[in-house]
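Notes to accompany the following structure.
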Amino acid sequence: MTLLAAGVALWSLRYWAALSGGYPLIDPDIQRVIHHVPVQALTHMLVGPIALAAGPFQFIPGLRARRPRLHRWTGRVYIVACLIAGAGALATAPYASGGPFAGLGFGLLAVSWITANIGGWRAALAGNFAAHRIWMRFSYAMTFGAVTLRLQIPIGMIFLGFHSYSQMSPWLAYTSWIPNVIAVALYTALTGSTLSARPHPA
Numbered sequence: 000m001t002l003l004a005a006g007v008a009l010w011s012l013r014y015w016a017a018l019s020g021g022y023p024l025i026d027p028d029i030q031r032v033i034h035h036v037p038v039q040a041l042t043h044m045l046v047g048p049i050a051l052a053a054g055p056f057q058f059i060p061g062l063r064a065r066r067p068r069l070h071r072w073t074g075r076v077y078i079v080a081c082l083i084a085g086a087g088a089l090a091t092a093p094y095a096s097g098g099p100f101a102g103l104g105f106g107l108l109a110v111s112w113i114t115a116n117i118g119g120w121r122a123a124l125a126g127n128f129a130a131h132r133i134w135m136r137f138s139y140a141m142t143f144g145a146v147t148l149r150l151q152i153p154i155g156m157i158f159l160g161f162h163s164y165s166q167m168s169p170w171l172a173y174t175s176w177i178p179n180v181i182a183v184a185l186y187t188a189l190t191g192s193t194l195s196a197r198p199h200p201a
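Numbered by numbering that gives the first Met the number 0, the letters in the sequence shown go through residues 0 to 201 in order.
Here's what the structure looks like:
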């Protein structure tokens with residue numbers, strides 16, 4: 000998971016070229032979205048990879064136990080990056096290259112992503128770390144949608160007959176993140192975790 004997240008985050012560095020008008024290896028459909036809403040789109044594309052790269056380290060038990068201060072600070076960076084990138088994604092969703100149905104899916108993802116991060120932050124502030132961990136699992140399931148989306152594109156083009164990103168976008172807007180959320184929900188149910196767990200005493 001960490002290697003895939005790091006790889007996609009590094010690959011996303013090419014979006015920085017768009018700030019100076021360059022589009023190296025950027026899909027033409029994505030280029031059109033950037034042209035239409037540059038601030039919103041690039042906010043999402045440039046800040047989202049920070050969350051993607053930082054997220055896996057938050058799930059290392061040893062880091063939480065041995066370096067709690069580092070865990071807290073990287074967690075803050077992660078959540079702030081998610082909130083900023085989520086706001087950019089929500090503002091960009093109506094202009095999705097796959098049309099209104101794709102925009103709806105990406106909009107739902109953005110709202111759910113923002114909600115999970117706010118829930119996780121509030122749970123941590125309240126000292127309810129069991130609930131905090133659950134919220135953040137859901138958060139990263141949605142963050143990791145950046146990876147699953149890119150894994151699904153070649154599958155769709157090779158095996159399902161799609162010819163472009165915009166053609167696949169109405170499907171990717173849902174399949175890139177909903178299965179991840181379902182997997183986390185099943186894991187949470189099987190481990191008996193609950194959002195209503197009592198907070199730890201200070």
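The beta carbon of each residue, even a glycine, is placed where N, CA and C say it ideally should be.
None of the values given here were measured: they were computed from a predicted structure.
Member of the options whose CA lies at the smallest distance from the CA of residue i
{"i": "residue 140", "options": "107, 175, 159, 180", "result": "180"}
{"i": "residue 6", "options": "126, 22, 53, 59", "result": "53"}
{"i": "residue 78", "options": "20, 137, 101", "result": "137"}
{"i": "residue 176", "options": "32, 149, 13", "result": "149"}
{"i": "residue 193", "options": "90, 128, 35, 16", "result": "128"}
{"i": "residue 37", "options": "91, 57, 132", "result": "91"}
{"i": "residue 187", "options": "132, 159, 170", "result": "132"}
{"i": "residue 217", "options": "184, 8, 154", "result": "Because the chain here runs from 0 to 201, residue 217 falls outside it and cannot be looked at."}
{"i": "residue 98", "options": "74, 31, 168, 119", "result": "168"}
{"i": "residue 72", "options": "174, 0, 123, 184", "result": "123"}
{"i": "residue 1", "options": "191, 35, 57", "result": "57"}
{"i": "residue 55", "options": "14, 4, 39", "result": "4"}
Residue i classed as buried or exposed, judged by whether at least 16 other C-beta atoms fall within 10 angstroms
{"i": "residue 200", "result": "Since pLDDT at residue 200 reaches only 43, below the 50 mark, its modelled position is unreliable, and the value read off the structure follows with that caveat. With fewer than 16 other Cβ atoms within 10 Å, it is exposed."}
{"i": "residue 135", "result": "buried"}
{"i": "residue 113", "result": "buried"}
{"i": "residue 157", "result": "exposed"}
{"i": "residue 120", "result": "buried"}
{"i": "residue 47", "result": "buried"}
{"i": "residue 74", "result": "buried"}
{"i": "residue 115", "result": "buried"}
Cβ pair residue i, residue j closer than 8 Å
{"i": "residue 88", "j": "residue 109", "result": "yes"}
{"i": "residue 49", "j": "residue 76", "result": "yes"}
{"i": "residue 64", "j": "residue 105", "result": "no"}
{"i": "residue 28", "j": "residue 111", "result": "no"}
{"i": "residue 8", "j": "residue 62", "result": "no"}
Note to self: Assess contact between the region 74-90 and the region 41-48, defined as three or more Cβ pairs (one per stretch) separated by less than 8 Å. Is contact present?
What the structure shows: Under the 8 Å Cβ criterion, the region 74-90 counts as touching the region 41-48, having at least three qualifying pairs.
Notebook entry, point to check: Three or more C-beta pairs closer than 8 Å, one from the region 57-73 and one from the region 144-164: is that the case here?
Noted result: Because the criterion of three Cβ pairs below 8 Å is not met, the region 57-73 and the region 144-164 do not touch.
Check: Are three or more beta carbon pairs between the region 152-164 and the region 15-33 nearer than 8 Å?
Finding: Touching, yes, given that three or more Cβ pairs across the two stretches are closer than 8 Å.
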